[in-house]
Amino acid sequence: MAVPYGQSVAGHGKRALRNEYPSPITVGQDDTVHPTVLHAYWALSIAEPHAREAVRTTESVFDARTIAAQASRRPDWEHIRTAVMTDLLRAKFGRHPDLAAVLLATGDATLVYDEGSYFWGDRGGRGRNWTGRLLELVRSELRARQAGWEPSRP
943 MAVPYGQSVA GHGKRALRNE YPSPITVGQD DTVHPTVLHA YWALSIAEPH
993 AREAVRTTES VFDARTIAAQ ASRRPDWEHI RTAVMTDLLR AKFGRHPDLA
1043 AVLLATGDAT LVYDEGSYFW GDRGGRGRNW TGRLLELVRS ELRARQAGWE
1093 PSRP
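Shown next as structure tokens:
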């Protein structure tokens, strides 16, 4: 069973699973707090420290993306972006138990993240749906912790 993002789950509704949903997370070696997963994602994609800070502090996710698009990208970004997103989703659902409950409420459903990107979204079956896949991974890790198993990390 697929759970599209048009379906409501738990008290927060389906929007809680989206990367732009307000859910402050702490990332990086300096423990920087970002207001959303997308703020963190776009900030971490940038090579320039002053632009990273501008992304982090802007109110709008749209503005964060615009600032990031105008800045120099990290040269290794295409190679690390999926690992970064995985870490950001783990941070979001690890820090916010109420949001983790929303993710767990999806059961064992296939999660279809339908947004504009062919890489992150499903795009009507034409995209790679990496966000949906990573949400399923994080959901599995949350379940494993509930069962008393702690995934190993290198």
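The opening position of the sequence shown corresponds to residue 943 in my numbering, with each subsequent residue numbered one higher. Glycine included, every Cβ here is placed at the ideal spot set by N, Cα and C.
Task: Endpoints, alpha helix (DSSP H) assigned at I967 - done: For the purposes of this step, residue 967 is identified with residue 25 of the sequence shown, where counting begins at 1. Careful: I967 lies outside any alpha helix (DSSP H), inside the beta strand (DSSP E) at I967 to V969.
- [ ] Count the other C-beta atoms from every protein chain shown that fall within 10 angstroms of the C-beta of V975, then say buried if there are 16 or more, exposed otherwise.
- [x] Sequence index remark: in the sequence shown, residue 975 carries index 33 (1-based). It counts as exposed.
Task: Cβ-Cβ separation, V1054 to D1064 (assumed contact under 8 Å), whole Å - done: Along the sequence shown, one-based indexing puts residue 1064 at 122. Along the sequence shown, one-based indexing puts residue 1054 at 112. 5 Å between Cβ atoms; contact.
Task: Contact set for R1030: own chain, Cβ-Cβ below 7 Å, skip 5 residues either direction - done: For the purposes of this step, residue 1030 is taken as residue 88 along the sequence shown, with counting starting at 1. Before going on, a small fix: residue 1030 reads as Leu here, not Arg. Excluding sequence neighbours, L1030 sits near I967, V969, V979, A982 and Y983.
Task: Same chain, Cβ closer than 7 Å to R998, five either side skipped, listed in chain order - done: In the sequence shown, residue 998 corresponds to position 56, counting from 1. For R998, where only same-chain residues beyond five positions count, the Cβ hits under 7 Å are T974, H976, H981 and A985.
Task: C-alpha distance - R1095 paired with R1087, whole-angstrom precision - done: Start at 1 with the first residue of the sequence shown, and residue 1095 comes out as number 153. Start at 1 with the first residue of the sequence shown, and residue 1087 comes out as number 145. Their backbone Cα atoms lie some 14 Å apart in a straight line.
Open item on the list: I'd like to know whether the C-beta atoms of A958 and L1041 end up nearer to each other than 9 Å.
Closed with: For this step, residue 958 is matched to residue 16 along the sequence shown. For this step, residue 1041 is matched to residue 99 along the sequence shown. Result yes, Cβ atoms of A958 and L1041 sit closer than 9 Å.
Open item on the list: Just to confirm before moving on: does the CB-CB distance between L1045 and L1076 stay below 9 Å?
Closed with: Here residue 1045 refers to the residue found at position 103 of the sequence shown. Here residue 1076 refers to the residue found at position 134 of the sequence shown. No, the pair does not count as a contact, with Cβ atoms beyond the cut-off.
Task: Beta-carbon proximity of S1082 to V1026, cut-off 9 Å - done: Working through the sequence shown from its first residue, we reach residue 1082 at position 140. Working through the sequence shown from its first residue, we reach residue 1026 at position 84. Going by C-beta atoms, S1082 is not nearer than 9 Å to V1026.
TODO: Measure from the alpha carbon of D1023 to the alpha carbon of each residue in H992, D1005 and W1062, then state which is nearest.
DONE: Here residue 1023 is taken as the residue at index 81 of the sequence shown, counted from 1. Checking the sequence, you will find Arg at residue 1023 rather than Asp. When each option's Cα is compared against that of R1023, the closest is W1062.
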